[in-house]
Amino acid sequence: MLRSGVMNVVLLAGMLMSTSGCTKEHDRAVPAAPAVVKGLVVDTVHVQDVSERLEMVGTVKAVNSSVIAARVAGTVTALMVKEGDRVRKGQVLGSIEAVETLASAAAAQAGVEEARRALDEALSRRKLADATFQRYSRLFSEQAVTRQEYETRQSEQEIAAQGVSRAESRLVQARESARAAVTVAAYTKMIAPLAGMITNKAIDRGATVFPGMPLMTVEGEGGFLLEVQAPETLKGQISTGKTIEVVMDGMTAPETGRVVEIVPTIDPASRTFTVKVAVAGRGLRSGSYGKAFVPVGSVKGIVVPKKALVERGALNLVWVVDPQNIIRMRLVKAGRQIGEQIEILAGLSDGERIVVSGAEKASDGGKVE
Numbered sequence: 000m001l002r003s004g005v006m007n008v009v010l011l012a013g014m015l016m017s018t019s020g021c022t023k024e025h026d027r028a029v030p031a032a033p034a035v036v037k038g039l040v041v042d043t044v045h046v047q048d049v050s051e052r053l054e055m056v057g058t059v060k061a062v063n064s065s066v067i068a069a070r071v072a073g074t075v076t077a078l079m080v081k082e083g084d085r086v087r088k089g090q091v092l093g094s095i096e097a098v099e100t101l102a103s104a105a106a107a108q109a110g111v112e113e114a115r116r117a118l119d120e121a122l123s124r125r126k127l128a129d130a131t132f133q134r135y136s137r138l139f140s141e142q143a144v145t146r147q148e149y150e151t152r153q154s155e156q157e158i159a160a161q162g163v164s165r166a167e168s169r170l171v172q173a174r175e176s177a178r179a180a181v182t183v184a185a186y187t188k189m190i191a192p193l194a195g196m197i198t199n200k201a202i203d204r205g206a207t208v209f210p211g212m213p214l215m216t217v218e219g220e221g222g223f224l225l226e227v228q229a230p231e232t233l234k235g236q237i238s239t240g241k242t243i244e245v246v247m248d249g250m251t252a253p254e255t256g257r258v259v260e261i262v263p264t265i266d267p268a269s270r271t272f273t274v275k276v277a278v279a280g281r282g283l284r285s286g287s288y289g290k291a292f293v294p295v296g297s298v299k300g301i302v303v304p305k306k307a308l309v310e311r312g313a314l315n316l317v318w319v320v321d322p323q324n325i326i327r328m329r330l331v332k333a334g335r336q337i338g339e340q341i342e343i344l345a346g347l348s349d350g351e352r353i354v355v356s357g358a359e360k361a362s363d364g365g366k367v368e
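With numbering that gives the first Met the number 0 applied, the sequence shown covers 0 to 368.
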């Protein structure tokens, strides 16, 4: 009886194992259908003419910029601004203590006062000499004085008049000297020559400065220029008014600039000439870095919409759709951006289909609806 029960259990177990094995083989034989992904736009890529361009590196400069330099020797005693501050034209930005300059101005003013007093004395002497000569002229006509006395008084009158002329000349010279001294004394004030932003502040309070030493720069509101060096071979291909593509330091996408000036002189060492391109001033500062691109022909290549490119860290990927409409992830090598398109240097072939919109919804192994 026990032996018969054991046999039944063994037979039942064998049947279950056989059934389980058949089920696994059936599962392997019938794979699950790929998930359908909706909302994707698929397009076919083709080899086409892609514009070739030359890259030129340059530096940003403000259209209106003024360097404030020291005009007297002395010590910076006050500094009211810092880099990045906006100032108005004529605003006092700082001051320099120039003892010798101020002393010269005071001495020149004292010289004016002394010359004025000397003129007053000369005028008094001439007035007296004129009155004396008139009296002696009357007496001489009445033969009450000798000719020698008359001529002596006449000579005194002429000398007094000459004294007034000399005193007047000395006063004019003293005033000119004082005016020049006052002008030099005004150089102790740092004045903003135009409205704009303070950049490149080179001094601090307490610094010793000398004539000609740069103190700070004021950049005006007139916009910025990207100055690039173009090779001599482009001399006839760039003209004033031409729009070209530029990429500024810190920008992720290219923008359009306009050529406003071409310096025709060729540098004999580098065989280049200077091209000035007007660029948008958002967030720019003089001295920053930029690139300009000039089309020089075309090459065969593949471009895809920027939104078709998937970035994973340092990798660039696209979703490729195979003939069975199955989505596969593909590593590609991306090149430059051309407008809203990206040049693909490797990883795609002519005629392949890719996801050009809705890439964020795609998944490897999914199926396009």
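Quick reminder that beta carbons are idealized off the backbone N, C-alpha and C, glycines included.
* To do: Tell me whether Gly191 is buried or exposed, calling it buried when 16 or more other Cβ atoms sit within 10 Å of its Cβ.
  => Reading off the sequence, residue 191 comes out as Ala, not Gly. It is buried - the Cβ of Ala191 has at least 16 other Cβ atoms within 10 Å.
* **Nearest residue (CA-CA) to Gly162, options Arg178, Gln133, Ala128 and Leu92** => Ala128
* Asked: Between Glu226 and the rest of its own chain, which residues show a CB-CB distance below 7 Å, the 5 nearest in sequence each way excluded?
  -> Gly57, Thr58, Lys60, Thr273 and Lys275
* Can you tell me whether DSSP reads Gln323 as helix, strand or coil? -> coil
* Contact the stretch 299-312 vs the stretch 262-273: 3+ CB pairs below 8 Å -> no
* Asked: Cα separation between Phe209 and Val91?
  -> 19 Å
* Asked: Starting from Gly402 and walking both ways along the beta strand (DSSP E), at which residues does that stretch end?
  -> Within the shown structure, residues of the chain are numbered from 0 to 368, placing residue 402 beyond reach of any answer.
* beta strand (DSSP E) segments (min. 3 residues) lying fully within the stretch 174-216 -> 188-190 and 195-198
* The beta strand (DSSP E) spanning Met55 covers which residue range? -> Gln47 to Ala61
* Asked: Roughly how many angstroms lie between the CA atoms of Phe223 and Val75, to the nearest whole one?
  -> 31 Å
* Leaving aside the five residues before and after Ala32 along the sequence, list all residues of the same chain whose C-beta is less than 6 Å from its C-beta, in chain order. => none
* Quick one: Cα of Thr145 to Cα of Arg125, how far? -> 22 Å
* To do: Counting only runs of 3+ residues fully inside the stretch 137-178, write out the beta strand (DSSP E) ranges in chain order.
  => none
* Ends of the beta strand (DSSP E) at Glu244? -> Thr242 to Met247
* Check whether Val217 and Leu193 have beta carbons under 7 Å apart -> yes
* To do: For the stretch 248-266 and the stretch 310-319, state whether three or more C-beta atom pairs, one from each stretch, are separated by less than 8 Å.
  => no
* Assign Ile158 to buried or exposed, taking buried as 16 or more other Cβ atoms, counted over all protein chains shown, within 10 Å of its Cβ. => exposed
* Asked: How long is the line joining the alpha carbons of Val35 and Thr198, rounded to whole angstroms?
  -> 58 Å
* **Local conformation of Gly83 per DSSP, three classes** => coil
* Asked: Just how far apart, CA to CA, sit Met215 and Ile67?
  -> 5 Å
* Please name the residue in Gly365, Thr43, Ala345 and Ala69 whose C-alpha comes closest to that of Ala206. => Ala69
* To do: Under 8 Å Cβ to Cβ from Gln156, same chain only, skipping five residues before and after it: list those, please.
  => Arg125, Ala128, Asp129, Thr131 and Phe132
* Asked: Roughly how many angstroms separate the alpha carbons of Leu330 and Gly289, rounded to a whole number?
  -> 30 Å
* Whether Ala361 touches Val355 by CB criterion (7 Å) -> no
* Asked: Ends of the beta strand (DSSP E) at Ser64?
  -> Ser64 to Ala68
* Taking C-alpha atoms, which residue in Tyr186, Val367 and Gln142 lies nearest to Glu96? -> Tyr186
* **Test item: CB-CB of Val46 and Asp363 under 7 Å** => no
* Asked: DSSP on Arg270, reduced to helix/strand/coil?
  -> coil
* To do: Whole angstroms is fine: what's the gap from Arg115's alpha carbon to Gln147's?
  => 34 Å
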